[in-house]
Amino acid sequence: MPAKLYRFHCTDGRELVTDLQGRTCHSAVPVRRHADRVALALMEAADHTVWARWQVEVYDPKGKRVLIRPFLEVDVDAQAVREMITALKTTGYHEGHAHGQDPSNSRPRPSQWHTPIN
Numbered sequence: 001m002p003a004k005l006y007r008f009h010c011t012d013g014r015e016l017v018t019d020l021q022g023r024t025c026h027s028a029v030p031v032r033r034h035a036d037r038v039a040l041a042l043m044e045a046a047d048h049t050v051w052a053r054w055q056v057e058v059y060d061p062k063g064k065r066v067l068i069r070p071f072l073e074v075d076v077d078a079q080a081v082r083e084m085i086t087a088l089k090t091t092g093y094h095e096g097h098a099h100g101q102d103p104s105n106s107r108p109r110p111s112q113w114h115t116p117i118n
């Protein structure tokens, strides 16, 4: 299977953390594993204390959502958390809101950041 670039966006339906860089994966297993790492890193790095509504939404290169991974279902991997915290600090993740964004079926666009979802 050829490698594809996937985007790993995090949301609770009100707030959105957008993956601007993405990650190349060859199959579903590394996609799920990376989604877990993204969730763990955000839980470690952010000020939130309630994560029950948060999930990682993974999108393929065509913008189709291919995975939803609730934060509370992730596999805990301490090394992965450390790696992703470093990655979050040095790459293109931006916390904000998306205006008019339906997290169930569309991919966030930069023009939609920092605006509440209605």
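Position one of the sequence shown corresponds to residue 1 (UniProt numbering), numbered consecutively onward.
The beta carbon of each residue, even a glycine, is placed where N, CA and C say it ideally should be.
Determine, using beta carbons only, whether R33 and D60 come nearer to each other than 9 angstroms. Position 33 of the sequence shown, counted from the first residue, corresponds to residue 33. Position 60 of the sequence shown, counted from the first residue, corresponds to residue 60. For R33 and D60, no; Cβs fall outside 9 angstroms.
Spatially closest choice to G63 from E15, A41, D12, L20, by CA coordinates: Taking the first residue of the sequence shown as 1, we reach residue 63 at position 63. Of the candidates E15, A41, D12, L20, the one whose C-alpha sits nearest the C-alpha of G63 is L20.
From A45 to R65, what does the alpha carbon distance come to, in whole angstroms? Within the sequence shown, numbered from 1, the residue matching residue 45 stands at position 45. Within the sequence shown, numbered from 1, the residue matching residue 65 stands at position 65. Answer to the nearest angstrom: the Cα atoms are 25 angstroms apart.
Please list, in chain order, all residues of the same chain as F8 whose beta carbon is under 7 angstroms from its beta carbon, the five residues on each side excluded. Translated into the one-based positions of the sequence shown, residue 8 becomes position 8. Hits under 7 angstroms: D19, R23, H34, A35, V38, V56, V58.
Ignore the nearest five residues each way along the sequence and tell me which others in residue 122's own chain have a CB closer than 7 angstroms to its CB. Here the chain comprises residues numbered 1 to 118, so residue 122 is not present and cannot be evaluated.
CB of L88 within 9 angstroms of CB of L16, strictly: Counting from 1 along the sequence shown, the entry for residue 88 is found at position 88. Counting from 1 along the sequence shown, the entry for residue 16 is found at position 16. In this structure, L16 does not lie closer than 9 angstroms to L88 by Cβ.
Based on DSSP bridge pairs, tell me the residues matched to E57. Residue numbering aside, residue 57 sits at position 57 when the sequence shown is read from its first letter. Paired residue(s): H9, I68.
Going by the DSSP bridge assignment, what does T24 pair with across the sheet? For the purposes of this step, residue 24 is taken as residue 24 along the sequence shown, with counting starting at 1. Paired residue(s): L5.
Out of R69, T49, L40, which one is the CA nearest neighbour of V29? In the sequence shown, the residue the question calls residue 29 occupies position 29. Comparing Cα positions, the closest option is R69.
Apart from the five residues just before and just after A52, which ones in its own chain have a Cβ nearer than 7 angstroms to its Cβ? Numbered from its first residue, the sequence shown carries residue 52 at position 52. Excluding sequence neighbours, A52 sits near L72.
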